[in-house]
Structures are given as structure tokens and as C-alpha cells.
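Report on one structure; see the data block that follows.
Numbering (this note's numbering), first residue to last: 7 to 510.
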């Protein structure tokens, strides 16, 4: 390269603004070169600095468009379905065949004003405070094959400090139910089941076969279990039955083989002018029950059992009727007469039942029942009974069987029974406080043996549903009549009971 090349490159750089000299500089960074100046002194040529004004560029704000806000709000996600509170093992992937375990325990704490003449282990008592297990049950059941149901229930009842069988407090638990059932007709809502075994499947009324884990009140109206612990095993009998549904009609027909009264664990009453269950002869018992559903149909996974209250989960209203009949079930013998007269057992009832949600948003609901019962056990039949009786004797001269909390629960005559409950809003106790369910019940009877003088027992109480029927506290007050030895009405006594129920 020669000097001319460098001079031309420098001029082009200056002209293009690539080289800028400060105004005070006396010597350029790169001197100008030319072809005639090689080896000659290079003159200093000052280069003026041209200042270029800086033009500010205006910043234009760009609006931020809220894209997400402009979109319509997304629909809220549905709440997750509550996991069923049950112990269940599916035998098939679709769950149509399964086996389930259900557990129930009802513990009572009770203060009772004793009936006149009551004794506890030979000592007179005016009142008692006792703790007990009203019911303790284990249920094992399931749809083990197509159309095939297996059901067992094992447990004990009325276990308190006086409980003993043959002097042994440990002999208590027994099988309540043991049966098999097959669905012979299956057309959706219309079906027919045939079953056999030891079962609660009964006639007369819904309270003759109650689901005790779903009771509205503290206890069921036991008078509707007409032969309980007399010719049955805690309301269960060895039976064959047909149970089905045709449209809105639910029906059942049962043939039972009653137990003899001699095997119920207590000495049978002496035959006399008032009817008692016969100790001679034997005949089958026929039972039937029909109900017409006007709204939702009722269905129980356990064969035969009728729900007490659905807590607003179903809309139920039905009319029902039922009967129990048995030939020569009771007998009498007139005083100083050798002849024995047998009497047929004929019981029937009609009733209406409603269990309705009132406001699904607040969880309120109404439950109501009203029924009429006609009892024909035989002339003069009357039986006192006290649930889990806290006493075990009466003083000399008192009417037999009237101790503790007993009242004339069963008898030939007529009985009216009603109950009413109102489920308060879920907001009444706050988000996690559960629900309250106050209730009242009344049994009004006119028994032949009591000269048709009304016998009235009423209960008022409050359920605190901590978690539905699965965990609930119940406080109940009961008022009952007392009687003189000649069965004239005397006064009234009461009891207060606190129950805690756990059910899964």
C-alpha cells in the first residue's frame, strides 16, 4: 500500500463522520497523507467539529389491554362429591356386586323417676341414674352375585348394669338377621325379591321393621313390634317372604314360623281369664304390608328395613297399611273352669308418612307420621314394658311388671301414634356446627283391660346432628302414666335420656 491510499481513506472517513476530532485538538489522530508528501513533514490541518443536535423522540404510551378481564368469567367448578361414609369392598369393577360392613352403637345416659313400688336388687328406689348400650350392631351384607343378596346382623340390645341372661352378663350378643335373597324379576323400578331366613321383614307398619340408625326420635314406637321378645327374637322371625315394587306400590308378603313363648327367657304367665300367648299348639303367622309412594320411591340396602328420616335428602310421601294374623296364638281359661279357649291374633294398621325437604338451599326439612293401629291379641291382653329397665323388681302388692320405667305398651284395643320433626337450617349453628332437629311423639291408646281409659305417652326431644345420622346427640324427655295394682291410673313419671349415636 502507498501513501495515496491512506490519504484517500482518511478523507472518506472524515467526510462520512467516522472520525471526529475535538475542537481543542491540534493533531489529528490519523494525519492526512498524499503521494507527494512521503518523507516530508506533515502539516497539521485542524478539523472543525460539527455538532449534530439531538432530536428527542417522543415516547408514545401503549395502553395495556386487560385481555383476561375482557373474557367472560368461567363457570364455577362443581363441589367434589362427598365420599360415602361406608365400609365397602367392590367385588366387580362397576361396583354392582359388593360386600359391605356397617357398625352402629347407641349409648344412653338416663335419669328416671321410678314407678311406685320399684326395687333395685331388693332395695326400694324412687329414681335411678344408669348408663347403657341401647343397641350395638354389626351388619355384614352385600350383592355377592347377580341378583343375589346376603345379609347378616349381629349384636346386642338393652345392656345396662342389670343385664344378665341365666345369671351371666356376658351372654348377650346374638344374630338378629341371617338371610339370603334372590331377585326373580328385575325391570328397573319394578322388581320382585324372594328371601328366607331370620329376618325383620314384617307386616303391620313401617315401624314394625325400622332402620334404627335413622330414627327421628330417641327410640322407635316399640308397640308396633307387636310380638317383640314374646314369639320372636327381638322382632325377628324365621320367615319366607316376597318383597317387590310395581309402579308406585311397594309390597311385601311374609309367612313366619313363630317361636314358642316358653323359649323367650322368662317364665310364661299363668293361664287365666286374660289372654296370654299360648304354650300349647303351634301355627304359622301371615303378615303383609303395602305402601303407595307419591314422590320418591324408598329403597333400603338392608332387606326389609324402613328409614326413619332422610334429613331432606329425599322427597317422600306415602300411604301405607299392614296386618299380622295367626290362628290360635293366645289362650284363656275362665276361673275355676277346666276348658281352654284359643284366640286368633289379628292386628292391622293404616298410616301416612311424609319426609320432605322444605328449602334445599338452607337444608330445612319436615318429617311427619300419623297412624292408627287395631290390636286384637285376645280378650284382656295387656303387657307392660320398660325399655332397658333400670330396676328389677316390685314390692309386694304392686302390679306385676310395672317397675322402673314400664308402662302398658301392648294390649288389645286401639292405638294412635304420631310424630313430627323439623330440621333447622344449616346456618343455625354456623358452617361447621351441624344441624338441630327438634321433634315430638305421642302414643295414645285405649286398651280393653284399662277400661278404655286413655293411656298417653309423649316424648319431646332434640337431635344435634354433628354429622347427619353418622354422629348425633339426642336429648329426650318422656312422660308416662303409672297405675295402681288394680290397673287404675295413678300419676305420671318422667325420664330424661342423653344418647350418643355413632353409625357407619
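Think of the CB as a built atom: it goes at the ideal place given N, C-alpha and C, for glycine as much as any other residue.
Residues near residue i by beta carbon distance below 6 Å, same chain, minus five either side
i           : result
residue 426 : 374 and 446
residue 448 : 424 and 464
residue 320 : 302
residue 265 : 237
residue 389 : 416
residue 504 : 115 and 481
residue 248 : 200 and 259
residue 235 : 270
residue 325 : 298 and 358
residue 507 : 112 and 478
residue 295 : 209, 258 and 328
residue 137 : 115
residue 291 : 262, 264 and 332
Residue range of the beta strand (DSSP E) that includes residue i
i           : result
residue 190 : 180 to 193
residue 352 : 347 to 365
residue 378 : 370 to 382
residue 268 : Unbroken run through residue 268: none, as it is neither H nor E.
residue 487 : 477 to 489
residue 499 : 495 to 509
residue 469 : 461 to 473
residue 278 : From DSSP, residue 278 is part of no beta strand (DSSP E); its letter is neither H nor E.
residue 154 : 154 to 165
residue 124 : 124 to 126
Buried or exposed by the 16-neighbour rule on C-beta atoms within 10 Å, applied to residue i
i           : result
residue 133 : exposed
residue 438 : exposed
residue 392 : buried
residue 177 : exposed
residue 95  : exposed
residue 256 : buried
residue 309 : buried
residue 497 : exposed
residue 371 : buried
residue 190 : exposed
residue 23  : Because the pLDDT of residue 23 is 47, which lies under 50, any placement of that residue in the model is unreliable, and the number read from its coordinates should be weighed accordingly. Result: exposed.
residue 170 : exposed
residue 473 : exposed
residue 367 : exposed
residue 511 : The question about residue 511 has no answer, for the chain in this structure spans 7 to 510.
residue 153 : exposed
residue 98  : exposed
residue 227 : buried
residue 401 : exposed
residue 469 : buried
Proximity test, residue i beta-carbon vs the ligand FAD heavy atom, cut-off 8 Å
i           : result
residue 252 : Looking for the ligand FAD in the displayed structure turns up nothing, as the structure carries no ligands at all.
Residues bridged to residue i [DSSP beta-bridge criterion]
i           : result
residue 104 : 96
residue 312 : 216
residue 299 : 324
residue 133 : 119
residue 289 : Answer is none; residue 289 lacks a bridge partner.
residue 151 : 154
residue 144 : 109 and 160
residue 175 : Per DSSP, none; premise fails for residue 175.
residue 139 : 113 and 165
residue 294 : 259 and 329
Contacting residues, own chain, Cβ-Cβ under 7 Å from residue i (five flanking each side not counted)
i           : result
residue 313 : 217, 220, 304 and 306
residue 493 : 405, 455 and 456
residue 149 : 102, 103, 104 and 155
residue 412 : 121, 390, 391, 392 and 395
residue 76  : Here the model assigns residue 76 a pLDDT of 49, short of 50, so the residue's position is not dependable and the matter cannot be decided.
residue 215 : 206, 207, 208, 310, 311 and 312
Spatial neighbours of residue i in its chain, beta-carbon cut-off 8 Å, leaving aside the 5 residues before and after
i           : result
residue 182 : 143, 159, 160, 161, 204, 206, 239, 240 and 242
residue 151 : 103
residue 195 : 251, 253 and 303
residue 339 : 277, 278, 279, 345, 346 and 347
residue 434 : 441 and 442
residue 386 : 279, 280, 281, 338, 418, 454 and 455
residue 460 : 450, 451 and 452
residue 188 : 153, 154, 155, 199, 200 and 201
Below-9 Å beta-carbon distance, residue i vs any chain C residue
i           : result
residue 156 : Considering every chain present, this structure includes no chain C. It has just one protein chain.
Exercise for review: May I have a chain-ordered list of the beta strand (DSSP E) segments no shorter than 3 residues that lie completely inside the stretch 387 to 457?
Suggested key: The beta strand (DSSP E) runs lying completely inside the stretch 387 to 457 and spanning 3 residues or more are 388 to 391, 413 to 417, 419 to 429 and 441 to 453, given in chain order.
Exercise for review: Kindly provide the ranges of any beta strand (DSSP E) runs that are 3 or more residues long and lie completely inside the stretch 195 to 256, ordered along the chain.
Suggested key: With a minimum length of 3 residues, the continuous beta strand (DSSP E) runs that stay inside the stretch 195 to 256 are 196 to 205 and 243 to 252.
Exercise for review: Pick out the complete alpha helix (DSSP H) segments inside the stretch 320 to 347, 4 residues or longer, and give them in chain order.
Suggested key: If we require 4 residues or more, the stretch 320 to 347 turns out to have no alpha helix (DSSP H) run fully inside it.
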